[in-house]
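**Student:** Residue numbers (the numbering used here): 1 to 164. The C-beta atom is built at its ideal place from N, Cα and C for all residues, glycine as well. Below are the structure tokens for one structure; questions will follow.
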Amino acid sequence: MSKKKINASHDSSIKDAVSSLDSHAGFWLRFVSNHVSARFEASVAAEGVSLSEWVALRSLFDTGASDPAALMRELGMTKGAVSKIITRLEQRGLLSRQISATDKRATQILLTVAGKILVPKLAALADENDALFFGHLSGTQRSELIALMKQIVDIHELKVVPVK
């Protein structure tokens, strides 16, 4: 009987020493992130685009044209993953490949007119998603939240752009 009391006492002290799941910032960050991402993923999927395709489209919207290797570096993806994204977007008429005028061995990728029209529509969905989840925050709170996340990215030298 005394063994059972010792074990019960031991189990209780171990449980007291183990932090609760919801006491971790990472738990809450992941909890919120999963919900924010899932809703946005559903929004862009309704437009026929995956999250990784959205990120590539948005990147190309800024750069105007890129070579696949530069896109690969910017997105932190493998060559094969970027190649699949490029092929899918090309098949949908959202981007095109062009042979470089200066180096016939090099290919440039750029948004088509349809791609240039779609990006602002998808960006509006991203803005709506942000407003839904973070619209209750004051401008200062939202800025502070973003600054804290950027600080974590900088401190840990995080490079891979989230696409999933």
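Suppose you measure from the CA of L57 to the CA of G64; what does that come to, to the nearest Å?
**Tutor:** As a first step, residue 57 is located in the sequence shown; it is residue number 57 there, counting from the start. As a first step, residue 64 is located in the sequence shown; it is residue number 64 there, counting from the start. The straight-line gap from Cα to Cα measures roughly 10 Å.
**Student:** Candidates S96, T78, E128: which alpha carbon is nearest V165's?
**Tutor:** Any property of residue 165 remains undetermined from this structure, which presents the chain solely from 1 to 164.
**Student:** Can you tell me the Cα-Cα spacing of V124 and T102, whole angstroms?
**Tutor:** Locating residue 124 in the sequence shown gives position 124, counting from the first residue. Locating residue 102 in the sequence shown gives position 102, counting from the first residue. First, the amino acid is wrong: residue 124 is Ala here, not Val. Between A124 and T102, the C-alpha separation is close to 36 Å.
**Student:** Can you look up S13 in the DSSP assignment and give me helix, strand or coil?
**Tutor:** The residue labelled residue 13 in the question sits at position 13 within the sequence shown. Helix.
**Student:** Alpha carbon to alpha carbon, how far is H136 from K15?
**Tutor:** What you label residue 136 is simply residue 136 of the sequence shown in a count that begins at 1. What you label residue 15 is simply residue 15 of the sequence shown in a count that begins at 1. Going by the C-alpha atoms only, they are around 36 Å apart.
**Student:** Taking 8 Å as the limit between beta carbons, can you name the residues of its chain near F40, skipping five residues before and five after?
**Tutor:** Taking the sequence shown and counting its residues from 1, the one referred to as residue 40 is at position 40. The residues are L51, L125, A126, N129.
**Student:** Suppose you measure from the CA of E144 to the CA of I99; what does that come to, to the nearest Å?
**Tutor:** Numbered from 1 along the sequence shown, position 144 holds the residue referred to as residue 144. Numbered from 1 along the sequence shown, position 99 holds the residue referred to as residue 99. Using only the alpha carbons, I get a separation of about 44 Å.
**Student:** Grab me the residues of I85's own chain with a C-beta within less than 7 Å of its C-beta, minus the 5 sequence neighbours each way, in chain order.
**Tutor:** Residue 85 sits at position 85 when you count from the first residue of the sequence shown. Counting only Cβ-Cβ distances below 7 Å, and skipping sequence neighbours, we find S52, E53, A56.
**Student:** If contacts are defined as beta-carbon pairs under 8 Å, then E74 and L118 qualify, I think. What distance do you get, rounded to the angstrom?
**Tutor:** Here residue 74 is taken as the residue at index 74 of the sequence shown, counted from 1. Here residue 118 is taken as the residue at index 118 of the sequence shown, counted from 1. The Cβ separation is near 19 Å, so there is no contact.
**Student:** Do I109 and D62 have their C-beta atoms closer together than 9 Å?
**Tutor:** Reading the sequence shown from its first residue, position 109 is the one you call residue 109. Reading the sequence shown from its first residue, position 62 is the one you call residue 62. Pairing I109 with D62 gives a Cβ-Cβ distance that is not under 9 Å.
**Student:** Can you tell which of G139, A42, A38, A106 has its C-alpha closest to the C-alpha of A70?
**Tutor:** As a first step, residue 70 must be located in the sequence shown, where it is residue number 70. Of the listed residues, the one whose Cα sits closest to A70 is A106.
**Student:** Give me the Cβ distance between V161 and G76, rounded to the nearest whole Å; I'm assuming they're in contact under 8 Å.
**Tutor:** For the purposes of this step, residue 161 is taken as the residue at position 161 of the sequence shown. For the purposes of this step, residue 76 is taken as the residue at position 76 of the sequence shown. 5 Å between Cβ atoms; contact.
**Student:** State the CB to CB distance for the pair G139 and T112, rounded to an integer number of angstroms; the pair is presumed to be in contact (CB under 8 Å).
**Tutor:** Position 139 of the sequence shown, counting from 1, holds the residue named residue 139. Position 112 of the sequence shown, counting from 1, holds the residue named residue 112. So it is not a contact: roughly 36 Å between Cβ atoms.
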